[in-house]
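These notes are about the structure you will find just below.
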Amino acid sequence: MQNLPTGYIIHNKSGLTIFYFFISIILNSLGNALTVSLNLGSALWTAAAVNLAHATPLSLTWLLLLEGFLAIGLNVLFLHQFDGRRILGNLIFMFCFAYLVGLLSKLLLQTAIVNFNLGARIFLDCLGIILIAIAISIYQRVNVILHPCDDLMQVIRFKFCHGNSTQAQWLSFSFPAVAIWLSFMVTKQLYAINIGTIFSLLFQGYVVGQADKYIFPSLKHQNLRL
Numbered sequence: 001m002q003n004l005p006t007g008y009i010i011h012n013k014s015g016l017t018i019f020y021f022f023i024s025i026i027l028n029s030l031g032n033a034l035t036v037s038l039n040l041g042s043a044l045w046t047a048a049a050v051n052l053a054h055a056t057p058l059s060l061t062w063l064l065l066l067e068g069f070l071a072i073g074l075n076v077l078f079l080h081q082f083d084g085r086r087i088l089g090n091l092i093f094m095f096c097f098a099y100l101v102g103l104l105s106k107l108l109l110q111t112a113i114v115n116f117n118l119g120a121r122i123f124l125d126c127l128g129i130i131l132i133a134i135a136i137s138i139y140q141r142v143n144v145i146l147h148p149c150d151d152l153m154q155v156i157r158f159k160f161c162h163g164n165s166t167q168a169q170w171l172s173f174s175f176p177a178v179a180i181w182l183s184f185m186v187t188k189q190l191y192a193i194n195i196g197t198i199f200s201l202l203f204q205g206y207v208v209g210q211a212d213k214y215i216f217p218s219l220k221h222q223n224l225r226l
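Anchor point for the sequence shown: position 92 equals 92 in the UniProt record's numbering, and the numbering is continuous, going up by one each time.
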């Protein structure tokens, strides 16, 4: 079991914080866009949004936003407090993220990657999941503003799982898993569920924990408000 990262309350210099934050947004958006465009399995939250998009008249962008609002509600419930600053940060991140994923997915669908051989597409899809996990690790440690779904994972991680990123990821994935099941009851089909989804379910939390140690190791968890 992983322990709370050493030095998790250390504050990093503002310039580096901004750098880390923007790097994490780019990695997360690109990773999600890769998995959506390749259609070989997305991370659970994104896969849930894709399946709901087929079961409802709502677009992928709107469903990604609605997932975020659900996660915000769960965060308020678990923390037993309404933190306006935290929620505002969640909303800012969520809108930027939804827009970027939608835009990058459309752009990638116009490239040659969709015609790559199966082995190459599986590799890129799993790479997308790894990029997502690395991004989550970085901006959870920066902890200026978070996507509400990743904020939920962080709340579960440090409030209920003693810092264990793998356990926290599995618990947070239970919510999109229910959404996928409900969508399947309507459409009788599964979308964006494939090798990448299994890879995400098994390894995303683990990669987050490893990225904490090896990607920008001087960056520690800070500003935890639990």
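Glycine included, every Cβ here is placed at the ideal spot set by N, Cα and C.
Next on the checklist: Once DSSP output is grouped into helix, strand and coil, what is the label at Gly15?
Outcome noted: Working through the sequence shown from its first residue, we reach residue 15 at position 15. Helix.
Checklist entry - If you draw a straight line from the C-alpha of Asp151 to the C-alpha of Leu224, how long is it? => result Looking up residue 151 in the sequence shown gives position 151. Looking up residue 224 in the sequence shown gives position 224. Going from the Cα of Asp151 to the Cα of Leu224 covers about 10 Å.
Item to check | CA nearest to the CA of Ser42, picked from Lys159, Ala133 and Ile138 | outcome: As a working mapping, residue 42 is identified with position 42 in the sequence shown. Minimum Cα distance to Ser42 is reached at Ala133.
Next on the checklist: At the 7 Å Cβ level, is Ala177 part of the contact set with chain C, yes or no?
Outcome noted: Of the protein chains in the structure, only one exists, and it is not chain C.
Checklist entry - Do Gln169 and Gly205 have their C-beta atoms closer together than 7 Å? => result Counting from 1 along the sequence shown, the entry for residue 169 is found at position 169. Counting from 1 along the sequence shown, the entry for residue 205 is found at position 205. Closer than 7 Å, so yes.
Checklist entry - What separation, rounded to the nearest whole angstrom, lies between the Cα atoms of Leu65 and Ala120? => result Taking the sequence shown and counting its residues from 1, the one referred to as residue 65 is at position 65. Taking the sequence shown and counting its residues from 1, the one referred to as residue 120 is at position 120. When rounded, the distance between both Cα atoms is 31 Å.
Next on the checklist: Considering Cα atoms alone, identify which of Arg141, Phe175 and Leu190 is closest to Lys213.
Outcome noted: Position 213 of the sequence shown, counting from 1, holds the residue named residue 213. When each option's Cα is compared against that of Lys213, the closest is Arg141.
Checklist entry - Do Val36 and Ser137 have their CB atoms nearer than 7 Å? => result The count along the sequence shown starts at 1 and reaches residue 36 at position 36. The count along the sequence shown starts at 1 and reaches residue 137 at position 137. No, Cβ-Cβ distance for Val36 and Ser137 is not below 7 Å.
Item to check | Closest by C-alpha distance to Val114, when choosing among Phe203, Thr197, Val178 and Asn39 | outcome: For the purposes of this step, residue 114 is taken as the residue at position 114 of the sequence shown. The shortest C-alpha separation from Val114 is found at Asn39.
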